[in-house]
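**Q** Questions regarding the structure given below will be posed in turn.
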Amino acid sequence: MSKVLYNTVIIALTDMLSQRAARSSVRAGLTQLGKTPDDATLADYKQVLRGQVYRQLQLVMPHYAAKQFVRAIERELHEMTGTPLPAGVAEADEDASYHARVAERVRSADEREDEVASRLSAELRHFSVMALEFSDVLGADPRLKERFAELRLRTDAGEVAEDEVRTLRADLEAARTIMIEEQWAQLLTLERRLWGASDEVRAQMRVVRRALTAGMTADAELRRLQQVALEQAAAARDAAEPAPKSETAEATPALPKQPGPEESVNGLEAERLPSLPELSFGNDAEPQAGPETNMNTDEAAEQDFGMERTLELQSGAVHEAAPEEPVNGNNPTEDQENIVPEANDPQHLPETPDFGNEDQQFISDLVAAPLEEPAAVPEAAAYVPAPGVSGEEPEAAEIQAPLVEGAGEELLFLEGAGEELLSLAVPELQSEPKPEIQEQPAEKAAFARLGAHDTATSAYSHFAVQEDAVFEKIPTPQVSAVQSSADLALELARLRRSVTERDLERVRRDPQALRPHVLGAEQALQLADLAVSQLLLQARAEDLKALHLRLEVASELELAREQSQLAANNLEEVRARQQYGAATAAEVEHASLQVERATELVEAFERLPLGSNLNEPEAPRVDLRMENLLRTLERYPRLAHARMQLERAELEARIADNPYVPKVQREAAQANLETARTYAQQVEDAAQLELESQLNSIERIRYNLERLEGAWQEAQRELARQEELLAAGQISPLARDGARLRVRQARAAYLAESHRLSEAVMGLQVVFNVDLSAQPV
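When you read off a place in the sequence shown, starting at 1, and then add 899, the result is the number in the working numbering.
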């Protein structure tokens, strides 16, 4: 029964309050009483209605209406429970229509609850299906999982938001698309590493490929394949460990075994990689392999197991290398010298089927050897020549050769800007706290033989294979051995300098590369021109306002003189009437005080430095038609800046519209273009609204000016009539002086309003940065 009373109260309150406000107020009242909707009685609900609910109702209706509303709900509760009404409530006036409406709502409460319950159950079933469908995405992204849980709780509470559900589903589908793309990349990497795997592993890879093609994720399968790849790499590492050498092998040096078609360079299973650009290490000489080295100079498949694989091999070689003499009896230093030319050229890497004792001894000596004294970082020059090109600055004729005739000055500007681009990399090299580590030929050879191409080498290797003629003679970034974090920072600084050098070469060969910078400089000049013109207009507006103030003060001075003359005439007339007994001494004293006050006011105005040549300026003759002003919006500073941003965004979008530009960069350029278009349109709309507001203000001032002009003309006509009456002897000179003062006051008001009109027009010109006086009317 208590639950029925609670539902009845909530349904009745929703006629005046929202469902949330009704529930919160009733629950707050029950909490204060220490009750819940399950154990509250009729007396508890009546106390809540007269307390918390009554105060909440007074926010939306008068207090007497709230009291009547609460009494109606109490009657309804008494009728439901069958208890008699108290005397005060029974005698109160009842609202029959409202009571009938509440009763009708109570009768249909069950039907409404069934409808809401069915709809909520349908929504919750929909959420269950969506949770099952996107379980992989929800498990991978905590933010989407939190949104899903929050929306499900809100739906369970009765707040169904269909738009939010659709938005969440779209976000889940987008997240799944990104996850599938990432898993495609993982699958392709695993297929290269597990090319020669068993039939079971290949079947698993085919299953993953079919799942990704169908738009389904395969996290568990990919993790199993990655585990298989790790196990295979560990097995290959164990197989690459050298076997103990016997005395017979010590006496008779064994020739190196030639790798078969199914064997790799280091005894591991070969990765069949696609053709990659070859890296240049600065030494293109042919390898000088002597008979002592016993190395095959045929091309070997490049191994790219990453820095982790290289360090594992290097660590194993260091700890397990036996301090034995080389098999051929040669000096390890001589072996290093023989290895260096081959290691510097990736096209002639020796094929070594076993990681033998000779290589282990070589790496052991390399790691144990102390580093040479580091050399200082060389100063970066403004121009770094390409390999095979002299170190001198290129002549102007060589630079201008590929350019259009007559572009010499522009090319000089481009060359200077390119050198400035190169100088941006110099502070990074000069501010590097660690000195440059000189490249060791032996280190270079060891890392080349072990396939130790680090991440930086992979990132910048594509620069060496550009087919464009612009990059034909540009040097390739050099990457030396990295042995510590400080060395890595130094290598990154070197690579930045190399990239900046390439940018300089590109600028020297292609003048269009600086088109965005030229556009930015042109737009900066236009903005500076707009700022100068706006400041000039502001200075003119301030001068005009100062002139108007001086003119108004001069008008007030003339008005004070008229008032002083009128007060003096009034004093003479009062004294004359006093002689005939028509005026008292108090009237004479009052007239004297008016004369003194008017005289002091005139003296105060005369002490002001008003200056000379206070001529009234001509009224501005400008064309304030809307169609004419809309053509001048291009000089509005905010709109001009927004359109310049749009122009830069369009240029960047055209530059990015290239199949060789990454897709992410193209999409970012298009998004920036759409944002710039939207912002420019918003600024243009705001400028038009501001223009309409300024014109409305000017129209209101014009209306007041016409009204004041009519009052001035009426005062002049009144003065003319007073002059005629004075000439006929029908009025005194004092009345004529009063009419003259009113004319002066009307004229002062008219001039002040005309000044406001001129200042409003000048203010419009300052805001929109346009000189309307220079345009023909």
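Yeah, the Cβ is synthetic: ideal placement off N, Cα and C, and Gly gets one too.
Is the separation between the beta-carbon of residue 1534 and that of residue 1429 shorter than 8 Å?
**A** For the purposes of this step, residue 1534 is identified with residue 635 of the sequence shown, where counting begins at 1. For the purposes of this step, residue 1429 is identified with residue 530 of the sequence shown, where counting begins at 1. Contact flag set, yes.
**Q** Looking at the unbroken alpha helix (DSSP H) that takes in residue 1644, where does it start and where does it end?
**A** Translated into positions along the sequence shown, residue 1644 becomes position 745. Counting along the chain, the alpha helix (DSSP H) containing residue 1644 begins and ends at 1632-1667.
**Q** Could you tell me the alpha carbon to alpha carbon distance between residue 1398 and residue 1048, rounded to whole angstroms?
**A** Taking the first residue of the sequence shown as 1, we reach residue 1398 at position 499. Taking the first residue of the sequence shown as 1, we reach residue 1048 at position 149. About 48 Å.
**Q** Using a Cβ-Cβ cut-off of 7 Å (strictly less than) and excluding sequence neighbours within five positions of residue 1074, which residues of its own chain qualify?
**A** As a working mapping, residue 1074 is identified with position 175 in the sequence shown. Cβ within range, chain order: 1036, 1040 and 1043.
**Q** Which of the three DSSP states, helix, strand or coil, is assigned to residue 1480?
**A** If you number the sequence shown from 1, residue 1480 lands on position 581. DSSP places residue 1480 in coil when its eight states are reduced to three.
**Q** Just how far apart, CA to CA, sit residue 1124 and residue 1072?
**A** Residue numbering aside, residue 1124 sits at position 225 when the sequence shown is read from its first letter. Residue numbering aside, residue 1072 sits at position 173 when the sequence shown is read from its first letter. Taking the straight line joining both Cα atoms gives about 25 Å.
**Q** Does the beta-carbon distance from residue 1659 to residue 1454 come in below 8 Å?
**A** On the sequence shown, residue 1659 is found 760 positions in, with the first residue counted as 1. On the sequence shown, residue 1454 is found 555 positions in, with the first residue counted as 1. The answer is no: Cβ separation not under 8 Å.
**Q** On the DSSP letters alone, give me the boundaries of the alpha helix (DSSP H) that residue 963 sits inside.
**A** Counted from its first residue, the sequence shown places residue 963 at position 64. That run of the alpha helix (DSSP H) goes 962-980.
**Q** If you run the structure through DSSP and keep just helix, strand and coil, what is residue 1611?
**A** Within the sequence shown, residue 1611 is the residue found at index 712, counting from 1. The answer is helix: DSSP assigns residue 1611 an H, G or I state.
**Q** Buried or exposed: residue 1103, going by 16 or more other Cβ atoms within 10 Å of its Cβ?
**A** Working through the sequence shown from its first residue, we reach residue 1103 at position 204. Buried, since its Cβ has 16 or more Cβ neighbours within 10 Å.
**Q** Which residues in the same chain have their Cβ closer than 7 Å to the Cβ of residue 957, if we skip the five residues on either side of it in sequence?
**A** Indexing the sequence shown from 1 puts residue 957 at position 58. Closer than 7 Å at Cβ, skipping near neighbours: 965.
**Q** Could you give the distance in angstroms between the alpha-carbon of residue 1662 and the alpha-carbon of residue 1457?
**A** Residue 1662 sits at position 763 when you count from the first residue of the sequence shown. Residue 1457 sits at position 558 when you count from the first residue of the sequence shown. Near 29 Å, if we compare the C-alpha coordinates of residue 1457 and residue 1662.
**Q** Assuming residue 1111 and residue 1083 are in contact, meaning their beta carbons sit under 8 Å apart, how far apart are those beta carbons, in whole angstroms?
**A** If you number the sequence shown from 1, residue 1111 lands on position 212. If you number the sequence shown from 1, residue 1083 lands on position 184. Confirmed, about 6 Å.
**Q** Please work out which residues of its chain come closer than 6 Å, Cβ to Cβ, to residue 1064, disregarding the five sequence neighbours upstream and downstream, and give them in chain order.
**A** Working through the sequence shown from its first residue, we reach residue 1064 at position 165. Hits under 6 Å: none found.
**Q** Looking only at its chain, what residues have a beta carbon closer than 7 Å to the beta carbon of residue 1444, apart from the 5 residues adjacent to it on each side?
**A** Here the question's residue 1444 lines up with position 545 in the sequence shown. Here the set comprises 1658.
**Q** Tell me whether residue 1670 sits in a helix, a strand or coil according to DSSP, three-state version.
**A** To locate residue 1670, count along the sequence shown from 1; it is residue 771. Correct three-state label for residue 1670: coil.
**Q** Rounded to the nearest angstrom, what separates residue 1184 and residue 1396 at their Cα positions?
**A** For this step, residue 1184 is matched to residue 285 along the sequence shown. For this step, residue 1396 is matched to residue 497 along the sequence shown. For residue 1184, the pLDDT reaches just 39, beneath the cut-off of 50, and the residue's location in the model is therefore unreliable, leaving the point undetermined.
**Q** Please report the distance separating the alpha-carbon of residue 1155 from that of residue 1136.
**A** Here the question's residue 1155 lines up with position 256 in the sequence shown. Here the question's residue 1136 lines up with position 237 in the sequence shown. Residue confidence is low: residue 1155 scores 44 on pLDDT, short of 50, so the model does not pin down where it sits. No coordinate-derived value is stated.
**Q** What is the residue span of the alpha helix (DSSP H) that residue 1080 lies within?
**A** The residue you call residue 1080 lines up with position 181 of the sequence shown. Element bounds for residue 1080: 1061-1092.
**Q** Assuming residue 1501 contacts residue 1460 (C-beta within less than 8 Å), just tell me the rounded distance between them.
**A** In the sequence shown, counting from the first residue as 1, residue 1501 sits at position 602. In the sequence shown, counting from the first residue as 1, residue 1460 sits at position 561. So it is a contact: roughly 6 Å between Cβ atoms.
**Q** To which residues of the same chain is residue 912 closer than 6 Å at the C-beta, ignoring the five residues directly before and after it?
**A** Here residue 912 refers to the residue found at position 13 when the sequence shown is read from its first residue. 921.
**Q** How many Å lie between residue 1602 and residue 1652 at the Cα?
**A** Position 703 of the sequence shown, counted from the first residue, corresponds to residue 1602. Position 753 of the sequence shown, counted from the first residue, corresponds to residue 1652. One C-alpha to the other measures close to 10 Å.
**Q** Can you name, in chain order, every residue of its own chain whose Cβ lies under 6 Å from the Cβ of residue 1414, other than the five neighbours on each side?
**A** Numbered from its first residue, the sequence shown carries residue 1414 at position 515. So the list is empty, once near-sequence residues are dropped.
**Q** Going by the CB atoms, is the gap between residue 941 and residue 980 shorter than 8 Å?
**A** Mapped onto the sequence shown, residue 980 falls at position 81. Mapped onto the sequence shown, residue 941 falls at position 42. Cβ atoms of residue 980 and residue 941: closer than 8 Å.
**Q** When burial is assigned at 16 or more other CB atoms within 10 Å of the CB, is residue 928 buried or exposed?
**A** Position 29 of the sequence shown, counting from 1, holds the residue named residue 928. Looking at its Cβ environment, which holds 16 or more other Cβ atoms inside 10 Å, residue 928 is buried.
**Q** Look at the alpha carbon of residue 1107 and the alpha carbon of residue 1095, and state the distance between them as a whole number of angstroms.
**A** Taking the sequence shown and counting its residues from 1, the one referred to as residue 1107 is at position 208. Taking the sequence shown and counting its residues from 1, the one referred to as residue 1095 is at position 196. So the two alpha carbons sit approximately 17 Å from each other.
**Q** Since residue 1547 and residue 1556 are thought to touch, with beta carbons under 8 Å apart, how far apart are those beta carbons, to the nearest angstrom?
**A** The residue labelled residue 1547 in the question sits at position 648 within the sequence shown. The residue labelled residue 1556 in the question sits at position 657 within the sequence shown. Between residue 1556 and residue 1547 the Cβ distance is about 15 Å, and since that is not below 8 Å, they are no contact.
**Q** So the alpha helix (DSSP H) residue 1130 belongs to, where does it begin and stop?
**A** For the purposes of this step, residue 1130 is taken as the residue at position 231 of the sequence shown. Residues 1118-1138.
**Q** On the three-state DSSP scale, how would you describe residue 1693?
**A** In the structure as shown, the chain begins at 900 and stops at 1676. Residue 1693 is therefore absent and cannot be evaluated.
**Q** Could you give the first and the last residue of the continuous alpha helix (DSSP H) run that contains residue 1099?
**A** The residue labelled residue 1099 in the question sits at position 200 within the sequence shown. Its alpha helix (DSSP H) spans residues 1098-1112.
**Q** Does DSSP put residue 915 in a helix, in a strand, or in coil?
**A** Counting from one through the sequence shown, the residue named residue 915 turns up at place 16. Here residue 915 sits in coil by DSSP.
**Q** Using only alpha-carbon positions, find the residue among 1616, 1090, 1544 and 1590 that is nearest to residue 1572.
**A** For the purposes of this step, residue 1572 is taken as residue 673 along the sequence shown, with counting starting at 1. Minimum Cα distance to residue 1572 is reached at 1544.
**Q** Since residue 1611 contacts residue 1645 with CB under 8 Å, what's their CB separation in whole angstroms?
**A** Numbered from 1 along the sequence shown, position 712 holds the residue referred to as residue 1611. Numbered from 1 along the sequence shown, position 746 holds the residue referred to as residue 1645. 4 Å between Cβ atoms; contact.
**Q** Please classify residue 1097 as buried or exposed, where buried requires at least 16 neighbouring CB atoms within 10 angstroms.
**A** For this step, residue 1097 is matched to residue 198 along the sequence shown. Exposed, since its Cβ has fewer than 16 Cβ neighbours within 10 Å.
**Q** Hey, residue 947 and residue 969: beta-carbon distance below 8 Å or not?
**A** Here residue 947 refers to the residue found at position 48 of the sequence shown. Here residue 969 refers to the residue found at position 70 of the sequence shown. No, these two residues do not count as a Cβ contact at 8 Å.
**Q** If I'm right that residue 1635 touches residue 1622 with Cβ under 8 Å, what's the distance once you round it to whole angstroms?
**A** Residue numbering aside, residue 1635 sits at position 736 when the sequence shown is read from its first letter. Residue numbering aside, residue 1622 sits at position 723 when the sequence shown is read from its first letter. Their Cβ separation, rounded to whole angstroms, is 6 Å, which keeps residue 1635 and residue 1622 in contact under 8 Å.
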